Every structure is written in C-alpha cells, then in structure tokens.
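In the numbering used here, the protein residues as written are 1 to 379. Ideal placement from N, C-alpha and C gives every residue a C-beta, glycine not left out. From a predicted model like this one, the values you see are computed outputs, not experimental measurements. Since the structure comes first, as structure tokens, the remarks are kept for the end.
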Amino acid sequence: MATTAVAGVELMRRGANSMSGLPLADVAVPGLAGYEDLVFGGWDVNGQSLAAAAAEHHVLNDNQLAETEGALALVTPWKAVASSAFCRRIGGGNMREMRGHRAAIDAIISDIQQFKVANDLDDVVMINLASTERTPAEGEALRTADGFQRALDQDDPDIGPAMLYAAAAIEAGVAYGNFTPSVAADIPGLTELAERRGVPVAGKDGKTGQTLLKTVLAPAFRARALHVDGWFSTNILGNRDGQALEDPDSLKSKLGTKGNVLDSILGYKVEDHLVDIRYYRPRGDDKEAWDNIDVSGFLGHKMQIKVNFLCKDSVLAAPLVLEIARVLDLARQRGERGPQEQLSLFFKAPMTAGKRAPEHAFHRQERMLADWLGDKAGR
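Structure representation (structure tokens):
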C-alpha cells in the first residue's frame with residue numbers, strides 16, 4: 001500500500017496520472033495539502049528500496065514501474081520497531097533492537113524529527129500500514145493516559161508496536177491514522193493522551209472492498225424493508241496482508257473490525273453473518289471478495305443477492321491513505337484534537353469521541369466528511 005501510494009504521487013508529479021481513484025481530488029479547501037506536495041518516509045522490517053518492493057509486489061504495470069523506478073529507488077525504510085510476539089508471520093532483517101518501550105518511542109520520535117528537518121517539511125502525519133497484530137489483553141494499563149505511562153515505564157508486555165508508534169506520534173505532536181486492525185491510538189489511554197496533547201487521531205482498519213460494499217448495500221436493504229437473514233463473506237488474497245492473517249491471533253483482530261458493521265446499520269443482529277479470510281498465494285495483490293446475501297421480502301418470500309468483487313487490494317487502499325493523511329493534516333491546522341469522526345467513511349471501525357457508537361452507513365459517513373470540509377472552508 002505504501003509503495004503504491006508513493007508511486008502514485010510520483011506519477012502525478014510527472015504528469016502521467018489523471019488523479020483517477022482519489023476521492024477528494026476535486027475538493028478545493030484552503031489548507032488541504034496538494035498531492036504533489038507530499039513527501040514520504042517510513043519504517044519497515046524489510047529494508048529493500050521501494051523500487052525493489054514495487055517490482056516484487058506486481059501492483060504497478062511495466063510502464064509505471066519504469067516511470068517511477070528512479071524516484072522509488074531513493075526511498076529506503078528506516079529500521080522498524082517490531083515484535084514477533086504481536087505479529088508472528090511477518091519478519092525481516094531491518095529491525096531495531098530496543099531496550100524497553102521508552103527507548104523505542106524515543107527512537108521513533110528521533111526518526112520523525114530528522115525526517116522533518118531533512119526535508120524542510122511544514123508538518124508530519126503518521127499512517128500505520130503495518131501487518132495486523134494480535135489483539136492484546138484489555139488490561140488496566142491501557143485504560144487511562146496515566147496508566148499507560150506507568151505501563152511504558154514497566155515495559156508492559158501488553159503494549160505492542162502499533163501502540164508504541166501511536167504513542168510516539170502523539171508525544172511528537174504528529175497527527176496519526178491507523179489503517180490496520182491493530183490496537184493503537186484507539187485504546188482509552190492513548191485517545192486521552194491525544195486529546196491532552198492536541199493531536200488529531202483516526203482509525204481503524206481501512207475500508208476498501210467487501211466492507212465498503214456492505215456499508216453501501218445494507219442501508220438500501222433497510223430502506224426497502226428487506227430483512228437480511230444471512231450474509232456469508234469470503235476473501236482470498238496472496239499478499240503480505242494475507243500472509244499475516246494466517247496467524248489465528250492476527251486474523252481474530254481483522255475479523256473483529258469487520259463483524260459489527262451490519263448489525264449497526266440494520267438495527268438488528270444478523271444471526272448468520274459469517275466472514276472467512278484465506279491466504280491464497282497465487283492471487284498476489286489481486287484480492288477476491290465473494291458475498292452471498294439471503295433476504296426476506298414482501299409476504300416473507302426468500303431471495304438472494306450475489307456479489308463478486310475482483311479487485312487490487314493496494315490500488316483500492318493507496319488513495320485512501322493519501323486522503324487520510326491530507327485530512328489529518330488539515331485537522332491539525334484547524335486545532336482539532338482526539339478522534340476525527342469525519343474520517344469514518346475510510347475505516348471499518350471508526351474511532352469516535354467518548355463512548356458514542358460509530359456511524360457505519362456510507363452515505364451518512366460521506367455527508368459527515370463533506371460537512372466538516374465545507375463548514376470550515378470559508379474560515
């Protein structure tokens with residue numbers, strides 16, 4: 001996803017991209033950063049350049065690879081803070097050996113500061129695109145900002161890399177978005193800290209394919225009084241995201257963000273809502289999502305809807321990553337803090353302020369963002 005996003009912006013700079021697939025390309029709001037003004041850096045357990053990564057992922061076509069190779073070859077990941085205890089299926093040789101949580105956060109902040117100075121940047125936004133981690137136990141350490149600080153001092157094993165990166169961003173005053181299902185800024189302790197420090201945060205788990213369609217279709221079924229009796233969803237994908245989800249604990253984190261959408265929109269529990277995700281290596285980044293929907297209509301008659309979405313995972317995700325970064329940067333300029341609900345349409349499990357239930361219906365999420373952008377545009 002990161003490599004595809006960087007390549008897309010490079011193609012825009014070269015005039016070879018029509019900005020297709022970018023949801024906010026036509027939005028003109030003062031302060032919203034231009035795509036071509038974005039500069040990229042980041043961490044990865046794999047130390048290969050983005051050019052090598054792009055050639056390996058097979059998302060870009062041959063012409064796009066040739067056009068962007070020179071620029072992507074100049075971008076290599078910084079050494080990452082990672083943990084096999086939180087993500088067992090993904091490893092690499094580009095990792096930092098850190099002595100405790102505080103040292104890890106300090107190292108991440110140092111990388112951010114050096115990146116900002118070296119590129120003479122106005123501001124920085126951090127987006128988590130790492131592989132899915134297992135969900136930690138809900139301990140006392142994660143429930144308050146003060147408790148989280150004590151847990152950091154004690155190197156609490158329930159604090160994983162995603163939380164460390166989120167904490168580093170918040171400590172550094174950097175807006176943060178979580179595109180993964182991993183537990184990060186959504187824990188009460190970090191949400192509270194973000195509000196204290198005046199840092200906007202958003203997440204979690206990017207909504208790109210199957211769940212996107214659910215949030216579009218389910219409101220229509222409700223409006224037409226079509227009762228959803230069952231919804232079976234299956235996904236096959238062969239990229240590193242799929243490989244990470246072979247681990248049952250990481251898969252559990254992913255399924256957790258996909259499972260509550262239907263009930264929230266429809267207003268009742270769908271008893272037979274089943275979701276299956278499988279790693280299938282030959283498919284690569286060309287994900288397939290297949291849905292069977294059983295509904296009951298007038299006079300109790302049974303009907304079925306079939307949806308088969310053949311898509312490119314990173315091509316769907318990369319433009320959302322760019323838009324999330326741009327809106328978070330704008331929120332930072334406007335003095336927003338804590339969860340940014342206007343970004344809900346980009347996530348499966350949107351963060352909200354307080355204990356308010358998230359809005360999942362896509363048309364309402366779209367209006368939330370449009371209102372937020374339009375309400376502030378003339379100020």
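In this structure, does DSSP put Val216 in helix, strand or coil?
helix
Tell me where the alpha helix (DSSP H) around Ser264 begins and ends.
261-266
Does the beta-carbon distance from Leu320 to Thr208 come in below 8 Å?
yes
My output table needs one value for Arg240: the three-state DSSP class, helix, strand or coil.
helix
Can you tell me the Cα-Cα spacing of Met19 and Gln333, whole angstroms?
24 Å
Could you give the uninterrupted runs of the alpha helix (DSSP H) lying entirely in the stretch 40-123, keeping only those of 4 residues or more?
50-57, 62-73, 101-118
Taking all protein chains shown into account, do 16 or more other C-beta atoms lie within 10 angstroms of the C-beta of Met303, making it buried, or fewer, making it exposed?
exposed
Report the three-state DSSP secondary structure of Ile305 (helix, strand or coil).
strand
I'd like to check one pair, Val275 with Asp229: are the Cβ atoms closer than 8 Å?
no
In the structure shown, what three-state DSSP assignment does Leu310 receive?
strand
Is it the case that the stretch 44-51 contacts the stretch 73-89, given that we only count it when at least three CB pairs across the two stretches are under 8 Å?
yes
Val261 beta carbon less than 8 Å from that of Phe362
no
If you check the beta carbons only, do Arg105 and Leu164 fall under 8 Å apart?
It should be pointed out that residue 105 corresponds to Ile in this sequence rather than to Arg. Taking 8 Å as the Cβ cut-off, Ile105 and Leu164 qualify as a contacting pair.
Could you tell me which residues DSSP pairs with Asp286 in its beta bridges?
Lys312
Within 10 angstroms of its Cβ, does Asn61 collect 16 or more other Cβ (buried), or is it exposed?
exposed
Please report the distance separating the alpha-carbon of His360 from that of Ser264.
7 Å
I need the straight-line Cα distance from Leu72 to Val6, nearest angstrom please.
8 Å
Could you tell me the alpha carbon to alpha carbon distance between Lys312 and Arg13, rounded to whole angstroms?
23 Å
Which residue from Met368, Tyr279, Thr234 puts its Cα closest to that of Asp291?
Thr234
So, helix, strand or coil for Gly198, using DSSP?
coil
Using the beta-carbon count (16 or more within 10 Å), is Pro282 buried or exposed?
exposed
With DSSP as the reference, label Asp155 as helix, strand or coil.
coil
Counted within 10 angstroms of its Cβ, other Cβ atoms place His273 as buried (16 or more) or exposed
buried
Could you have a look at Val9 and say whether DSSP puts it in helix, strand or coil?
helix
For the beta strand (DSSP E) that Met126 lies in, which residues bound it at each end?
125-128
For Gln380, tell me which candidate among His101, Ala218, Leu11, Gly177 has the shortest Cα-Cα distance.
What the structure shows of the chain is the stretch from 1 to 379, and residue 380 is not part of that stretch, so it cannot be assessed.
Could you pull out every residue in the same chain whose Cβ sits closer than 8 Å to the Cβ of Glu195, ignoring the five residues on either side in sequence?
Arg337, Gly338
Where does Gly189 sit, in a helix, a strand or coil, going by DSSP?
helix
Taking 8 Å as the cut-off, decide whether the C-beta atoms of Leu155 and His101 are in contact.
In the sequence as displayed, the identity of residue 155 is Asp instead of Leu. Result yes, Cβ atoms of Asp155 and His101 sit closer than 8 Å.
How do the stretch 170-187 and the stretch 199-208 stand: do at least 3 beta-carbon pairs fall below 8 Å, yes or no?
yes
With burial defined as no fewer than 16 other Cβ atoms inside 10 Å of the residue's Cβ, what is the status of Val183: buried or exposed?
buried
According to the Cβ coordinates, are Leu190 and Arg222 closer than 8 Å?
no
What three-state label does DSSP hand Phe179 in the structure shown?
coil
According to DSSP, is Ser18 part of a helix, a strand, or is it coil?
coil
List the whole-angstrom C-beta distance separating Arg240 from Ser131, where the pair is believed to meet the contact cut-off of C-beta under 8 Å.
6 Å
Taking the alpha helix (DSSP H) that Tyr385 belongs to, which residues open and close that run?
The structure shown does not extend to residue 385, since the chain spans only 1 to 379, so no value can be given for it.
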